[in-house]
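Data block below; observations after.
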Amino acid sequence: MDALLFMIFAAVAVVCGVNLVLQTHPISSALSLVGVMAALAALYLLLGGEFIAAAQLVVYAGAIMVLFVFVIMLLNAGTEHKTHKSSWAKIAGVPLLVAFLGMVAWLIQGLVPATESVVFGEFRKGTALEIGRALFTTYLLPFELTSVLILIAILGAIVLARKEIE
Amino acid sequence: MNFFILTIIKAALVAFILLTALAYLQWLERKVLAHIQLRVGPRRVGPHGLLQPLADVVKLITKEDMIPSHVSKVFYMLAPFIAVMFALIPIAVIPFGGDLNIPAFNLGGMTIGPIHSTMELTDLNIGVLFILGISGMGVYGVALAGWASNNKYSLLGGLRSSAQMISYELPMALAIATPLLALNSLSFRTIVNAQAGYMFGFIPRWTIFQGPFPFMFIAFLLFIIAAFAETNRVPFDLPEAENELVAGFHTEYGSMKFAAFFMAEYCNMVTVSCVATLLFLGGWQPPFPAVYGSSLVPALLFIGAGLISFMHAASPARPFDRYTLPVVGLVSLGLGGLFAGAAAFEMFPDMVKGNAFLTGSAAAAGMMMPIVWFCAKALVILFVYIWIRGTLPRFRYDQLMSFAWTFLFPVALINLFLVALWVALT
């Protein structure tokens, strides 16, 4: 059952990812990205990371992608235009892509240890309690640094927005 | 296999009751609004217009389902589906009552049960976050509808709605986090169980009464205000403000696709009321202890409703009231008797010992008691929704935004901080 669900959501994620690149209209691409995010959330849930799954859904599929769609709608971005100019890309594109994918597959195969495989339901430290405990003990410094970083980003956004008005 | 069958039955039951409730919520809204405005509301179809929702559904289904020629078809068709799907999903994690225990019984020679389950579809460890995540996805339906309609009113409605929902999600999440700090869990069932019992013997231990007085109450008010904005209701119904945007994001929609948006709106209202009930008002816990007779309340309500029906049947306003109202009265009296039996069974357990039928029906009514309290609380919040729709005028758009960012958000943040301080100190 778990393996079946994994296959389904992995397939959804891959199909949405390919669709994201193939679509010419920004809204279609953005919605495909939402599909990828949602499928990833389901995969996290299958692996036992329930809090991460919920955060993925709330933050990425919810807040950030809504902002993307909002901006695309606000700017009323049209379909992208293809240039059809580079003949070099037409000839060498497919062989290079195949070579690149082959190399990546070979590298990943070399990196992954052959003995261990993932067991569904084995990992039980994905609850909100465990995540919170880890964030405030082991990873306290990176956590606080990240929040300062985000604060700086917000301040930067405010400064930029102010300048534009004046 | 038993688990699958049970889940399917529960899902079918919840879906049926929810969809019926949505239809009748709309009837209730029309009726209450009418009475606020000194009208009588729907009255023609059935007694007191009770069959009006059915007539509306038939009307909406049989209407011509036309698609304007200038829309982007795929997204135009997709939008109502997205809206209604993400409105219906959250009900899966909402618990309506306590445990469900049915002893083994015979049905046509087949032994069924014993069944032990809970009165909800599923109990997630992250139920609260799940609802936040799924309801956040509901924006896509509205935003897409506005954009795909290719119409300036629709687009403005969709944009307003996305901006409004992003803005009000923050204070809502902060207001939800406040009771979670005190109750220390993300699962709705655990949250409600933590609110059982009474302080000094009579004040219920609901979240809203816990902690130093104003904080939880402020959190509750913030949640309700943000929830009004999230569900696009008056006074925050800018996305469909009819005097400036025709009908906002669903201007170009008709027939069942319009009905889908309508249903999504009412379903979101139901979800939000349920969440407020669970997080702040103690879920299915009764408002005063059983020793003071809280178990008798549903029985008295049903018996009262039955008696009133009989009274109206005696002096009917219309000819067929003489035949319909006694049926309603009898059903109410029967339910009242069942609940009275359950209350009596609770107080004097020796009375029905030995009689299998009495024991069984009393136990069934006893299991229904939490559901009655849950529905009563959720209905009170839904009534407040309708009440406010009949009372308040609409905000201006800039007022709406500055209200969210310069008032609601800071207040929610400070409130959360103070509650966190209180939790840390105790």
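Top to bottom, those sequences are chains H and G. With the working numbering, letter number 122 in the first sequence gets 147, and the count goes up by one each step, no holes. With the working numbering, letter number 382 in the second sequence gets 459, and the count goes up by one each step, no holes. C-beta: ideal position from N, C-alpha, C; glycine also. Quick caveat, the model's predicted, so the values are computed rather than measured.
Say whether chain G places a C-beta atom closer than 9 Å to the C-beta of Phe148 of chain H. Position 123 of the first sequence, counting from 1, holds the residue named residue 148 of chain H. No, no contact with chain G.
Taking its Cβ as the centre, do 16 or more other Cβ atoms sit within 10 Å of Lys136 of chain G, making it buried, or is it exposed? Indexing the second sequence from 1 puts residue 136 of chain G at position 59. By the neighbour-count rule (16 or more Cβ atoms within 10 Å), Lys136 of chain G is not buried but exposed.
Spell out whether any CB of chain G is found under 9 Å from the CB atom of Ala80 of chain H. Here residue 80 of chain H is taken as the residue at index 55 of the first sequence, counted from 1. Chain G, which has a Cβ nearer than 9 Å to the Cβ of Ala80 of chain H, makes this yes.
For Leu30 of chain H, which residues from the same chain have a beta carbon less than 8 Å from its beta carbon, with the 5 sequence-adjacent residues on both sides left out? For the purposes of this step, residue 30 of chain H is taken as the residue at position 5 of the first sequence. Same-chain partners within the cutoff: Ala67 and Leu71.
Three Cβ pairs or more, each shorter than 8 Å: is that satisfied between the stretch 455 to 473 of chain G and the stretch 311 to 321 of chain G? yes
Give the residues of chain G in contact with Phe76 of chain H, contact being defined as C-beta atoms less than 7 Å apart. Translated into the one-based positions of the first sequence, residue 76 of chain H becomes position 51. Simply Ile203.
Alpha helix (DSSP H) segments (min. 4 residues) lying fully within the stretch 111 to 183 of chain H: 112 to 136 and 153 to 161
Report yes if the C-beta of Pro256 of chain G is less than 8 Å from at least one heavy atom of the ligand NAP; otherwise report no. The model depicted lacks the ligand NAP and carries no ligand whatsoever.
Terminal residues of the continuous beta strand (DSSP E) containing Thr483 of chain G? By 1-based counting over the second sequence, the position of residue 483 of chain G is 406. Thr483 of chain G -> no beta strand (DSSP E), and no H or E assigned at all.
In this structure, does DSSP put Thr195 of chain G in helix, strand or coil? Here residue 195 of chain G refers to the residue found at position 118 when the second sequence is read from its first residue. Residue state, collapsed to three classes: strand.
Quick one: which chain H residues come within Cβ less than 9 Å of Ala220 of chain G? Here the question's residue 220 of chain G lines up with position 143 in the second sequence. Chain H residues near Ala220 of chain G: Val91, Val94, Phe95 and Met98.
Strictly below 9 Å CB to CB, what residues from chain H border Gly359 of chain G? The count along the second sequence starts at 1 and reaches residue 359 of chain G at position 282. Going along chain H, no residue has its Cβ under 9 Å from Gly359 of chain G, so there is no contact; the nearest lies around 22 Å.
As assigned by DSSP and simplified to three states, the class of Tyr330 of chain G: Along the second sequence, one-based indexing puts residue 330 of chain G at 253. Reduced to three states, the DSSP call for Tyr330 of chain G is coil.
Please list, in chain order, the chain H residues whose beta carbon lies closer than 8 Å to that of Gly235 of chain G. Along the second sequence, read from residue 1 onward, the residue named residue 235 of chain G stands at position 158. What Gly235 of chain G touches in chain H: Met98.
Closer than 7 Å at the beta carbon, the chain H residues around Val216 of chain G: For the purposes of this step, residue 216 of chain G is taken as residue 139 along the second sequence, with counting starting at 1. Those within 7 Å of Val216 of chain G in chain H are Val91.
In chain G, which residues lie less than 8 Å from Thr162 of chain H when you measure between Cβ atoms? Here residue 162 of chain H refers to the residue found at position 137 of the first sequence. By Cβ distance, chain G contributes nothing, its closest Cβ being about 16 Å from Thr162 of chain H, past 8 Å.
Sorted by chain position, which residues of the same chain lie with C-beta nearer than 7 Å to Ala88 of chain G's C-beta, five sequence neighbours on each side aside? Within the second sequence, the letter at position 11 stands for residue 88 of chain G. For Ala88 of chain G, where only same-chain residues beyond five positions count, the Cβ hits under 7 Å are Leu198.
Just curious, the beta strand (DSSP E) that Leu515 of chain G is in, first and last residue? One cannot answer for residue 515 of chain G here, as it falls past the ends of chain G, which runs 78 to 503.
Counting only C-beta atoms, is Leu56 of chain H closer than 9 Å to chain G at any point? If you number the first sequence from 1, residue 56 of chain H lands on position 31. Judged by the 9 Å Cβ criterion, Leu56 of chain H is in contact with chain G.
Considering just the uninterrupted stretch of the alpha helix (DSSP H) at Met32 of chain H, what are its terminal residues? Locating residue 32 of chain H in the first sequence gives position 7, counting from the first residue. Start and end: Asp27 to Leu47.
Using only CA atoms, which one of G:Gln103, G:Phe484 and G:Ile86 lies nearest to Val347 of chain G? What you label residue 347 of chain G is simply residue 270 of the second sequence in a count that begins at 1. Taking only the C-alpha atoms, the option nearest Val347 of chain G is G:Gln103.
Count the C-beta pairs between the stretch 289 to 302 of chain G and the stretch 253 to 269 of chain G that are closer than 8 Å, then say yes if the count reaches three, no if not. yes
Are the beta-carbon atoms of Val269 of chain G and Trp361 of chain G separated by less than 9 Å? Position 192 of the second sequence, counted from the start, is the residue given in the question as residue 269 of chain G. Position 284 of the second sequence, counted from the start, is the residue given in the question as residue 361 of chain G. Going by C-beta atoms, Val269 of chain G is nearer than 9 Å to Trp361 of chain G.
Between which two residues does the alpha helix (DSSP H) containing Tyr101 of chain G stretch? The residue given as residue 101 of chain G occupies position 24 in the second sequence. Tyr101 of chain G -> alpha helix (DSSP H) spans Asn79 to Ile113.
Tell me, to the nearest whole angstrom, how far the beta carbon of Gly174 of chain G is from that of Ile448 of chain G; I am working on the premise that it is less than 8 Å. Sequence index remark: in the second sequence, residue 174 of chain G carries index 97 (1-based). Sequence index remark: in the second sequence, residue 448 of chain G carries index 371 (1-based). Right, the Cβ-Cβ distance comes to about 4 Å (below 8 Å), so this counts as a contact.
Residues of chain G with a CB under 9 Å from the CB of Thr171 of chain H: which are they? On the first sequence, residue 171 of chain H is found 146 positions in, with the first residue counted as 1. Within 9 Å Cβ-Cβ: nothing; Thr171 of chain H doesn't reach chain G, min ~19 Å.
Which residues mark the beginning and the end of the alpha helix (DSSP H) in which Ile166 of chain G is found? Sequence index remark: in the second sequence, residue 166 of chain G carries index 89 (1-based). Careful: Ile166 of chain G lies outside any alpha helix (DSSP H) and carries neither H nor E.
What residue range does the alpha helix (DSSP H) around Glu75 of chain H cover? In the first sequence, residue 75 of chain H corresponds to position 50, counting from 1. Per DSSP, Glu75 of chain H belongs to the alpha helix (DSSP H) from Glu75 to Ala80.
So if I threshold CB-CB distances at 8 Å, which residues from the stretch 79 to 93 of chain G count as touching chain H? none
Whose C-alpha, out of G:Ala419, G:Ala164, G:Leu456 and G:Ala441, is nearest the C-alpha of Leu355 of chain G? In the second sequence, counting from the first residue as 1, residue 355 of chain G sits at position 278. Ranking G:Ala419, G:Ala164, G:Leu456 and G:Ala441 by Cα distance to Leu355 of chain G puts G:Leu456 first.
What do you get for Phe454 of chain G, buried or exposed, if any count of 16 or more other CB atoms within 10 angstroms of its CB means buried? Translated into the one-based positions of the second sequence, residue 454 of chain G becomes position 377. Note on residue identity: the sequence assigns Lys, not Phe, to residue 454 of chain G. Classification for Lys454 of chain G: buried.
Integer Cβ distance of Leu83 of chain G from Ser194 of chain G, believed to fall under 8 Å: Looking up residue 83 of chain G in the second sequence gives position 6. Looking up residue 194 of chain G in the second sequence gives position 117. 6 Å between Cβ atoms; contact.
Compute the distance between the beta-carbons of Cys344 of chain G and Leu99 of chain G, then report whether it is under 9 Å. In the second sequence, counting from the first residue as 1, residue 344 of chain G sits at position 267. In the second sequence, counting from the first residue as 1, residue 99 of chain G sits at position 22. It is a contact, given that the beta carbons lie within the stated cut-off.
Restricting to Cα atoms, I'd like to know which of G:Met340, G:Trp482, G:Leu415 and G:Ala353 is closest to Thr97 of chain G. For the purposes of this step, residue 97 of chain G is taken as the residue at position 20 of the second sequence. The shortest C-alpha separation from Thr97 of chain G is found at G:Met340.
Beta carbon of Ser479 of chain G nearer than 9 Å to that of Thr328 of chain G: Within the second sequence, numbered from 1, the residue matching residue 479 of chain G stands at position 402. Within the second sequence, numbered from 1, the residue matching residue 328 of chain G stands at position 251. Contact: no.
Whose CA, out of G:Ile280, G:Gly437, G:Leu485 and G:Leu263, lies closest to the CA of Glu363 of chain G? Numbered from its first residue, the second sequence carries residue 363 of chain G at position 286. Reading the sequence as shown, one finds Pro at residue 363 of chain G and not Glu. When only C-alpha atoms are compared, the closest one is G:Ile280.
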